[in-house]
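Enquirer: Chains as they are written, first to last, in our numbering: chain D, 13 to 308; chain L, -9 to 276.
The structure follows.
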Amino acid sequence: MFEALTERLERAFSRLRGRGKLRERDVDEALREVRLALLEADVSVEVVRDFLARIRERAVGQEVLESLTPAQQVVKIVYEELVRLMGEAREDVRWAKSPPTVVFLVGLQGTGKTTTAAKLAYHFLREGRSPLLVGADVYRPAAREQLETLGAKAGVPVYTRHDVDDAVRIAREGVARAREEGRDVVLVDTAGRLHVDEELMAELERMKAELAPHEILFTLDAMAGQDAVRVAREFHGRLALTGVVVTKLDGDSRGGAVLSVRAVTGAPVKFVAVGEKLEDLEPFYPDRMAQRILGM
Amino acid sequence: RRRAAFDDDFFLELEEILIAADVGVKTSAWLVESLRADVRKKGLTTPEEVREALAARILEVFGDDESRFRLTFAPEGPTVILFVGVNGTGKTTTLGKLAYRLKGEGKRVLLAAGDTFRAGAIDQLRLWGERVGADVVAREEGADPAAVLYEAVDRAQREGYDVVLGDTAGRLHAKQHLMNELRKIVRVVGQKLPGAPHEVLLVLDGTTGQNGLRQAEVFLEAARVTGIAVTKLDGTARGGVVVTIQKELDIPVKLVGVGEGREDLLDFSPAAFVAGLFGEGEGRTP
Ligand SMILES: Nc1nc2c(ncn2[C@@H]2O[C@H](COP(=O)(O)OP(=O)(O)OP(=O)(O)O)[C@@H](O)[C@H]2O)c(=O)[nH]1
Ligand SMILES: Nc1nc2c(ncn2[C@@H]2O[C@H](COP(=O)(O)OP(=O)(O)OP(=O)(O)O)[C@@H](O)[C@H]2O)c(=O)[nH]1
Ligand SMILES: [K+]
Ligand SMILES: [Mg+2]
Ligand SMILES: [Mg+2]
């Protein structure tokens, strides 16, 4: 596991060996390698800084200084801390006491909201629930058509309107429809938006105020870079995100942004998306994600 | 005494600014290393001078041949431009915006709905066609994308269109079969019209991190990419990975996306881009 990082650390430590027992300074040398590995994985600069401070605390304790295999020891600490930060246990959807459970999908443009809404609906359908999809993206050309097509493929009905350009109204009518039809979960697809787009962020706040969703899931593209931390902070600040869905994990990105988002929002990753098809949705495993970030 | 201000921490801070702009660890370290040499050689004394020297270093990576950053058109007959890239980066939108620009220049533009896979992709392209007043060649969902492109090029040749803009489905570069499909599209277009495609634009999401380099490598190999369109620079992301792509692979950036509207497309300006890396303006390329 983690050959690349372990090897780098071994190299760092072997330079230091022969000078007797490891000192704090030596651990710092090793932590520079850890820093590089995390930054190469797109973990945000500021999150890396805090994270390393925590690692250092543990590493300069007896564990590493007296270890015969300091490289493995450091990697083990880093790995454990990563897993801990991403949440040890799997967290389920927060189901409403009295249905329907209302779920919003929010995030930057092109991150996978519409596809994920359809995948979740399909997933819930197969669990024996009765979902409704709501197409509340009135901006992107053919966003509603996209959701209708996906809904038809999933066998899940879609509520939307092509004659209305008020997203909040469509969402409200969608939730009302779900209630009338006795559906137990409503997935509201919203338009992609930038965190700095005041008007569109305010639209989401209004939608939230009216519909009191049980889940606000933020879609995070696994390829996202350093800006993810800022984006997540803005979305979380305005909406209080309840969870994250990491998308496009079927690629070869290291996905360090997941760590950043988790660190600034505290919201658990609830699902990961691993492809374009309806069934390409999986539960999140912090240990696998930690391994990926460390580049195994 | 003033020189002492430029200690290791100072350079580390500069390195972190670059990394935070997604320039990447390796390129950032390389840039800052050569900057240290500059500071010594040129005897720079103020932080402003050092910043300027760093900007100049990055500009050197892009080179000063402005013509590299412009789209090339066929001397005669239709010019074919393909849009390729991973999922959701802005291929279809950038295509629509470019169509609008070219229409405005008086060109006859034909759009080819080469994404026959993603739900709603054909509708999306049709709407862009309506929005900018361009004709569209499309088949049904699931049709062979190479056949759609072939038909579009054929029609352009027969009916005297100036430009064919070909959309393709988003695909992750790690997926061999999808990259093979793209190879076939490029091959078929080239067989139909020698010299085509004249441009293959890799549409890169400006919020992407270090995976962008890998995307560029693989798409370059599979689809002989001729340029990059970097999108979504209207947010706070800086798109720094293109510096690394330029340095490692020498692929010029040709277009910059700064919004979802039809006019939100800019030519690439290295100077504006580098200013954006340091957070002047909101990372915008004016
Ligand atoms: N490979 C892969 N592609 C995905 C995944 N999730 C979504 N996509 C693709 O990413 C692209 C964008 O997905 P959408 O669901 O349209 O994204 P969106 O967030 O709704 O986009 P906007 O509404 O435009 O903001 C599409 O090509 C999807 O097929 C995934 O997990 N893996
Ligand atoms: N803010 C902003 N949004 C953009 C820009 N370019 C594209 N978008 C948005 O990003 C989302 C994805 O754009 P598309 O053009 O559908 O992307 P694509 O690469 O064709 O996606 P797939 O075909 O699914 O792979 C849409 O919501 C666009 O409106 C840009 O420059 N700035
Ligand atoms: K993206
Ligand atoms: Mg969408
Ligand atoms: Mg597209």
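Using N, Cα and C, we set each Cβ at its ideal position, and we do this for glycine too.
Taking all protein chains shown into account, do 16 or more other C-beta atoms lie within 10 angstroms of the C-beta of Gly73 of chain D, making it buried, or fewer, making it exposed?
Expert: Taking the first residue of the first sequence as 1, we reach residue 73 of chain D at position 61. Result: exposed.
Enquirer: In its own chain, which residues sit with a C-beta less than 6 Å from the C-beta of Leu191 of chain L, not counting the 5 before and 5 after it?
Expert: Translated into positions along the second sequence, residue 191 of chain L becomes position 201. Here the set comprises Phe73, Gly217, Ala219.
Enquirer: Tell me the DSSP bridge mates of Pro143 of chain D?
Expert: Translated into positions along the first sequence, residue 143 of chain D becomes position 131. Its beta-bridge partners are D:Val197.
Enquirer: Tell me which residues of the region 36 to 65 of chain D have at least one Cβ-Cβ distance to chain L shorter than 7 Å, keeping chain order.
Expert: Flagged, chain order: Leu48, Leu51, Glu52, Asp54, Val57.
Enquirer: Report whether the distance from the Cβ of Asp209 of chain D to the nearest heavy atom of ligand 4 is below 6 Å.
Expert: Here residue 209 of chain D corresponds to residue number 197 of the first sequence, with the count starting at 1. No, since every heavy atom of ligand 4 falls outside the 6 Å radius drawn around the Cβ of Asp209 of chain D.
Enquirer: List the endpoints of the continuous alpha helix (DSSP H) containing Asp144 of chain L.
Expert: Locating residue 144 of chain L in the second sequence gives position 154, counting from the first residue. Here the alpha helix (DSSP H) through Asp144 of chain L covers 135 to 149.
Enquirer: For the region 188 to 218 of chain L, enumerate the residues whose C-beta is nearer than 7 Å to any C-beta of chain D, in chain order.
Expert: The region 188 to 218 of chain L vs chain D, Cβ under 7 Å: Asp195, Thr197, Thr198, Gly199, Gln200, Asn201, Arg204.
Enquirer: Kindly indicate the opening and closing residues of the alpha helix (DSSP H) around Phe52 of chain L.
Expert: Within the second sequence, numbered from 1, the residue matching residue 52 of chain L stands at position 62. Taken as a continuous stretch (DSSP letters only), the alpha helix (DSSP H) holding Phe52 of chain L covers 37 to 52.
Enquirer: Distance, Cα to Cα, Gly86 of chain L vs Thr234 of chain L?
Expert: The residue labelled residue 86 of chain L in the question sits at position 96 within the second sequence. The residue labelled residue 234 of chain L in the question sits at position 244 within the second sequence. Computed Cα separation, rounded: 28 Å.
Enquirer: Which runs of the beta strand (DSSP E), 3 residues or longer, sit entirely within the region 68 to 124 of chain D?
Expert: You should have 113 to 118.
Enquirer: Looking at C-alpha atoms only, which residue of D:Pro280, D:Arg37, D:Arg191 is the closest neighbour of Ala101 of chain D?
Expert: In the first sequence, counting from the first residue as 1, residue 101 of chain D sits at position 89. Ranking the options by Cα distance to Ala101 of chain D, first place goes to D:Pro280.
Enquirer: Is there a Cβ from chain D that is less than 7 Å from the Cβ of Leu25 of chain L?
Expert: Translated into positions along the second sequence, residue 25 of chain L becomes position 35. No, Leu25 of chain L lies away from the interface with chain D (no Cβ there is under 7 Å from its Cβ).
Enquirer: Report, in whole angstroms, the separation of the C-beta atoms of Arg161 of chain L and Leu168 of chain L, which I expect to be a contact under 8 Å.
Expert: Reading the second sequence from its first residue, position 171 is the one you call residue 161 of chain L. Reading the second sequence from its first residue, position 178 is the one you call residue 168 of chain L. Sure, about 4 Å apart at Cβ, within 8 Å.
Enquirer: Which same chain residues end up closer than 6 Å to Gly119 of chain D when comparing Cβ atoms and leaving out the 5 residues on each side of it in sequence?
Expert: Your numbering for residue 119 of chain D matches position 107 in the first sequence. Correct list, in chain order: Lys125, Phe230, Thr231.
Enquirer: May I have the straight-line CA-CA distance separating Thr226 of chain L from Glu78 of chain D, to the nearest angstrom?
Expert: The residue labelled residue 226 of chain L in the question sits at position 236 within the second sequence. The residue labelled residue 78 of chain D in the question sits at position 66 within the first sequence. Using only the alpha carbons, I get a separation of about 45 Å.
Enquirer: So Pro153 of chain D contacts chain L; which residues on that side make the cut at Cβ distance below 7 Å?
Expert: As a position in the first sequence, residue 153 of chain D is number 141, starting the count at 1. Neighbours of Pro153 of chain D on chain L, chain order: Gln114, Leu117, Trp118.
Enquirer: Are the C-beta atoms of Leu15 of chain L and some chain D residue less than 7 Å apart?
Expert: Residue 15 of chain L sits at position 25 when you count from the first residue of the second sequence. As written in the sequence, residue 15 of chain L is Val, which differs from the Leu given in the question. At least one chain D Cβ lies under 7 Å of Val15 of chain L.
Enquirer: Give the DSSP-derived three-state secondary structure of Gly182 of chain D in the structure shown.
Expert: For the purposes of this step, residue 182 of chain D is taken as the residue at position 170 of the first sequence. For the record, residue 182 of chain D in the displayed sequence is Ile; it is not Gly. In this structure, Ile182 of chain D counts as helix in the three-state DSSP scheme.
Enquirer: Buried or exposed: where does His163 of chain L fall if 16 or more other Cβ atoms within 10 Å of its Cβ makes it buried?
Expert: The residue you call residue 163 of chain L lines up with position 173 of the second sequence. Burial call: buried.
Enquirer: Along chain D, in chain order, which residues have C-beta atoms closer than 7 Å to that of Lys222 of chain L?
Expert: One-based indexing of the second sequence puts residue 222 of chain L at position 232. Simply Gln121.
Enquirer: Measure the alpha-carbon distance for Glu108 of chain L versus Gly78 of chain L and round it to whole angstroms.
Expert: Stepping through the second sequence from its first residue, residue 108 of chain L is reached at position 118. Stepping through the second sequence from its first residue, residue 78 of chain L is reached at position 88. First, the residue type needs correcting, since residue 108 of chain L is Arg and not Glu in the sequence shown. About 11 Å.
Enquirer: For chain L, find out if any of its Cβ atoms is closer than 7 Å to the Cβ of Ala203 of chain D; answer yes or no.
Expert: To locate residue 203 of chain D, count along the first sequence from 1; it is residue 191. With 7 Å as the cut-off, Ala203 of chain D does not count as an interface residue toward chain L.
Enquirer: When DSSP labels each residue in this structure, what does Leu21 of chain D get in the three-state scheme?
Expert: Position 9 of the first sequence, counted from the first residue, corresponds to residue 21 of chain D. The answer is helix: DSSP assigns Leu21 of chain D an H, G or I state.
Enquirer: Residues bridged to Val170 of chain D by DSSP?
Expert: As a position in the first sequence, residue 170 of chain D is number 158, starting the count at 1. Bridge partners of Val170 of chain D: D:Leu145.
Enquirer: Please decide whether Gly186 of chain D counts as near chain L, where near means a Cβ-Cβ distance under 7 Å.
Expert: For this step, residue 186 of chain D is matched to residue 174 along the first sequence. Not an interface residue.
Enquirer: Can you pull every residue whose C-beta falls closer than 7 Å to some heavy atom of ligand 4, listed in chain order?
Expert: That gives D:Lys125, D:Thr126, D:Asp149, D:Arg152, D:Ala155, D:Gln158, D:Asp201, D:Ala203, D:Gly204.
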